[in-house]
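Novice: Here it is, the structure in full.
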Ligand SMILES: C[S@@+](CC[C@H](N)C(=O)[O-])C[C@H]1O[C@@H](n2cnc3c(N)ncnc32)[C@H](O)[C@@H]1O
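Structure (structure tokens):
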């Protein structure tokens, strides 16, 4: 099964909007100088830099060796680690995460791992895809694979919970939820929808042979065009985000 690969050069070209739009999550975190903060799923470190600029002592982790190499190039303390198995023990004032948690199906594993990494009373502040996120894109990909007799559900990498579902999970792991909201965030894309698919939908594209991928991509773009494309504004992805701030028990 094809897995999702991350690469700092492609990320810079096709996905810079992800960290740009994460600035609001940094505001919700309200980092204070001197705090020790973990950036969970730091990618190439663009948002980690903002936390460092706020005077925090930041450790950044990501499962992708390529993204970590990009973050290290920025001079950050960046290490390879999986969110579900963090090697930290009650040592951070806050865990921050932007656009990562929907890539991990073991959500309980992540929340338990974050709870272990935090000091008592520490904050967990994050944003990721919530229920209904990219519904048009996801159903176009699913339909295109099903037309080929393939099981799209077995390759679909995304976990998009509702706010109620995720709040319940946080509480079950000892967090008090201070704030949680699910909101639509239609997102203008920097280029063609094909580039978005190649950057973010690799598990679906990898379900067909390389030679068949251009036809699959064209078919998915055609299906999405009426809902997501306008000649005036280009492509807009139908993102829905789940943003929250929670506090670990003291
Ligand atoms: C869309 S990027 C977001 C990166 C960064 N937070 C930003 O805002 O630009 C998602 C990142 O999540 C990372 N990721 C996916 N699954 C992960 C896991 N299980 N543990 C840690 N990082 C993971 C990927 O490697 C990728 O760098």
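In my numbering, the protein residues as written are 95 to 344. The C-beta atom is built at its ideal place from N, Cα and C for all residues, glycine as well. Nothing here was measured: the structure is a model prediction, and the numbers come from that model.
So, are the CB atoms of residue 150 and residue 178 less than 7 Å apart?
Specialist: For the purposes of this step, residue 150 is taken as the residue at position 56 of the chain shown. For the purposes of this step, residue 178 is taken as the residue at position 84 of the chain shown. Not a contact, by the Cβ cut-off of 7 Å.
Novice: By how many angstroms is the C-alpha of residue 227 removed from the C-alpha of residue 111?
Specialist: Here residue 111 refers to the residue found at position 17 when the chain shown is read from its first residue. Here residue 227 refers to the residue found at position 133 when the chain shown is read from its first residue. Between residue 111 and residue 227, the C-alpha separation is close to 16 Å.
Novice: From residue 235 to residue 251, what does the alpha carbon distance come to, in whole angstroms?
Specialist: For the purposes of this step, residue 235 is identified with residue 141 of the chain shown, where counting begins at 1. For the purposes of this step, residue 251 is identified with residue 157 of the chain shown, where counting begins at 1. Approximately 12 Å, taken between the alpha carbons.
Novice: Check residue 230 in the structure and name its three-state DSSP category.
Specialist: What you label residue 230 is simply residue 136 of the chain shown in a count that begins at 1. Three-state DSSP puts residue 230 in a helix.
Novice: Check whether the Cβ atoms of residue 189 and residue 222 lie closer than 7 Å to each other.
Specialist: Your numbering for residue 189 matches position 95 in the chain shown. Your numbering for residue 222 matches position 128 in the chain shown. Contact: no.
Novice: So what does DSSP say about residue 328, is it helix, strand or coil?
Specialist: For this step, residue 328 is matched to residue 234 along the chain shown. Three-state DSSP puts residue 328 in a strand.
Novice: Kindly confirm or deny that the region 135 to 147 and the region 157 to 165 touch, where touching means at least three C-beta pairs closer than 8 Å.
Specialist: Result yes; three or more Cβ-Cβ pairs closer than 8 Å.
Novice: Shortest alpha-carbon distance to residue 292 belongs to which of 279, 114, 314?
Specialist: As a first step, residue 292 is located in the chain shown; it is residue number 198 there, counting from the start. Of 279, 114, 314, the residue nearest in Cα terms is 314.
Novice: For residue 254, name the three-state secondary structure that DSSP assigns.
Specialist: The sequence position of residue 254 within the chain shown is 160, counting from 1. It is coil, neither helix nor strand.
Novice: Measuring alpha carbon to alpha carbon, tell me which residue in 225, 184, 197 is nearest residue 207.
Specialist: Working through the chain shown from its first residue, we reach residue 207 at position 113. Taking only the C-alpha atoms, the option nearest residue 207 is 184.
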